Amino acid sequence: MEDIEDDMLEQEEEEGVEEEGESDGSENPSLLPFKPPKRATRLHIERSSVCSRAYFVVVMVFFHVYILNVIALLLYVHYNNGPGELVSAAETPSAPGGPGGGDSSLPPPAPAPPELHVQDHSQSVSLPRIEGIRVGHVQQVSLVPHSSHEMRTLSLKPLLFEIPGFLSEEECRVVVQLAQLKGLMESQTSSPVQGQEESNQPLLSISTEEVFSLLDLNQDRLLQKQEIVSHSRSRDGTWLSPDNLRQILTGLEARPAGLLTLEDFRRVYDMSQSPGQQQIGKLRSQFKQRNKHTWLYQGLGSHHVLQTLRNRLISLTRLPPALVELTEPLQVIRYEHGDFSNAHHDSSRSHSETTCAHTRLAGNTSALTEVSCRYLTVSFYLSSAEEGGETSFPVADNRTYDEQALGQDGVDLIDTQETCGRGNLRIKPTAGTALLWYNHLSDGRGWMGDLDEYSLHGDCPVRRGVKWVANSWVNVDPDHQLQVRYQRLVAQRHKAKSTLEEHYQPLSHSDLHQDL
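See the structure below:
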């Protein structure tokens with residue numbers, strides 16, 4: 004093989020020499036036979052290097068574009084769902100109320116979370132509080148994506164804010180229709196109709212001796228603390244009010260033997276029924292109103308407008324979602340011509356003899372009465388009354404507060420039917436506007452303190468038109484540990500219920516009918 008290759012190389016060299024000789028010695032090149040010119044040898048190395056460089060540049064450009072897109076996507080997700088954003092993830096840009104937003108269409112249904120915030124229930128929570136700064140101060144709050152609402156401070160005592168455009172016209176209409184579909188009921192504490200005289204007789208017109216006999220369960224003519232506690236529980240105050248009970252128990256504890264005879268009981272009971280004590284309990288016992296109302300469930304499975312309303316409330320108040328989810332349902336009230344509600348406090352003072360109604364599962368079972376413990380109130384106007392129907396805060400921003408002075412000199416500021424126009428602050432109902440006020444002061448440690456007495460408020464009579472309003476309360480127990488224990492108990496029950504439903508799902512009434 005090597006010999007053959009050497010012969011071929013020698014033959015090619017000889018042919019090359021012959022061609023050169025013929026070319027040099029020929030005088031007439033045209034007579035020579037035509038031979039095509041040899042093709043130039045391609046520089047494979049250079050061509051290959053050029054293609055590789057261009058390919059590398061293109062790949063790097065696409066790689067950088069891809070990296071930039073990924074970074075932009077991460078930034079978008081971070082700023083839209085980050086922990087510092089007040090916007091609820093369930094909201095959509097089509098929600099109303101922002102500047103320049105005139106679209107009144109409903110937002111799409113908010114995706115329901117798979118379960119309650121079970122982990123939050125077992126953790127310690129705090130109560131953020133919005134600063135009022137000064138009366139008339141306007142601050143921007145973010146409730147829906149790509150939009151903001153103006154929140155104006157109306158009062159510092161109580162801390163009261165107004166948020167116009169909180170609901171759209173369509174959302175107001177849906178809430179009203181849901182209330183009508185659920186069915187309205189007459190208020191239990193209605194004022195007498197025209198033509199009837201109001202009875203001044205108490206609900207229980209019995210003598211002191213008869214009260215003593217009713218409390219004396221074993222009929223030994225001596226009253227013990229257990230007898231008073233076990234036979235005097237009442238939530239509406241028709242039996243013995245918390246102030247009456249406090250006076251009786253104070254008198255009992257002052258006795259060395261811890262017992263009350265009939266004579267001892269007569270003194271402490273008559274003192275608890277004195278005019279001064281009756282005046283102090285007037286706000287609770289003599290509250291009157293006339294309207295129609297219903298309650299709408301806002302949890303999982305409810306109408307998406309109601310869920311959106313609750314999510315927006317969480318963004319406004321900045322409270323832990325777990326705390327808001329355990330509050331009362333949404334109350335919707337209809338005020339017709341002449342309907343009203345006297346001045347009252349939405350929440351109650353805390354005493355050792357009382358327990359919060361919402362934490363009764365984990366509360367003190369020996370407490371005398373259950374009371375409402377509402378940290379704040381958010382009221383939504385669903386319609387605009389043509390005349391009347393203002394929300395009145397009769398003592399807002401007063402220098403001092405004196406409950407007994409509310410009903411002296413022929414002026415009773417509690418009676419909104421007669422003295423609504425004399426209130427310090429009156430707010431005209433405007434559809435879509437929300438009011439937020441704190442019923443309690445801060446204890447200085449991030450929790451709920453004493454009742455803010457200046458939060459006294461009522462509804463003026465409607466003179467023309469119809470007034471629709473919805474109230475949402477956030478329930479908090481003044482005892483921080485009791486509130487945490489209650490949330491942990493609810494979380495455990497919810498977890499147990501979820502586990503049971505995974506193994507057994509019977510067809511029940513709740514599966515056939517979805518509560519509004």
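Sequential numbering from 4 applies to the sequence shown in the working numbering.
Glycine included, every Cβ here is placed at the ideal spot set by N, Cα and C.
Small disclaimer: the values here were computed from a predicted structure and weren't measured.
- Excluding five sequence positions before and after residue 159, the CB atoms of its chain that fall closer than 8 Å to its own CB belong to 135, 137, 138, 400, given in chain order.
- Residue 334 and residue 344 have their alpha carbons spaced roughly 15 Å apart.
- Contact check between the region 182 to 189 and the region 340 to 360: fewer than three CB pairs, one atom from each, fall below 8 Å, which does not count as touching.
- In this structure, DSSP gives residue 422 a helical state, which the three-state scheme calls helix.
- Under a 10 Å Cβ-count criterion, residue 294 is classified as buried, with 16 or more other Cβ atoms of the shown protein chains found around its own Cβ.
- Linking residue 448 to residue 178 through their CA atoms gives a straight-line distance of about 37 Å.
- Boundaries of the beta strand (DSSP E) around residue 381: 377 to 384.
- Residue 384 is not a Cβ neighbour of residue 346, given a cutoff of 8 Å.
- Just measuring C-alpha positions, the residue of 351, 471, 149, 163 sitting nearest residue 454 is 351.
- For residue 391, the beta-bridge partners assigned by DSSP are 465.
- Here residue 441 is not near residue 131, since their CB atoms are 8 Å or more apart.
- Between residue 224 and residue 265, the CB-CB gap stays under 8 Å.
- CA-to-CA, the gap between residue 61 and residue 74 works out to about 20 Å.
- In the DSSP assignment, residue 296 falls within the unbroken beta strand (DSSP E) covering 295 to 299.
- Apart from sequence neighbours up to five positions away, the residues of its chain that approach residue 262 with a beta-carbon distance below 8 Å are 225, 226, 227, 255, ordered along the chain.
- Excluding sequence positions up to five before and after residue 211, its CB lies within less than 8 Å of the CB of 268, 269, 272, 273, all in the same chain and listed in chain order.
- Here residue 472 really is in contact with residue 432; their C-beta atoms are around 7 Å apart, less than 8 Å.
- For residue 470, the three-state secondary structure derived from DSSP is strand.
- Following the DSSP letters along the chain, one finds residue 334 in no alpha helix (DSSP H) but inside the beta strand (DSSP E) bounded by residues 333 to 338.
- Per DSSP, residue 345 is one residue of the beta strand (DSSP E) stretching across 343 to 347.
- The secondary-structure analysis by DSSP pairs residue 374 across a beta bridge with 359.
- Note that the C-beta distance between residue 147 and residue 322 is not below 8 Å.
- The beta-carbon distance between residue 381 and residue 475, rounded to whole angstroms, is 5 Å. This is short enough to meet the 8 Å contact definition.
- For residue 485, the closest alpha carbon among the candidates 331, 361, 220 is that of 361.
- Within 10 angstroms of the beta-carbon of residue 64 lie fewer than 16 other beta-carbons, which makes it exposed.
- Residue state for residue 311 is assigned as helix, using DSSP reduced to three classes.
- Residue pairing of residue 158 in beta bridges, as defined by DSSP: 163.
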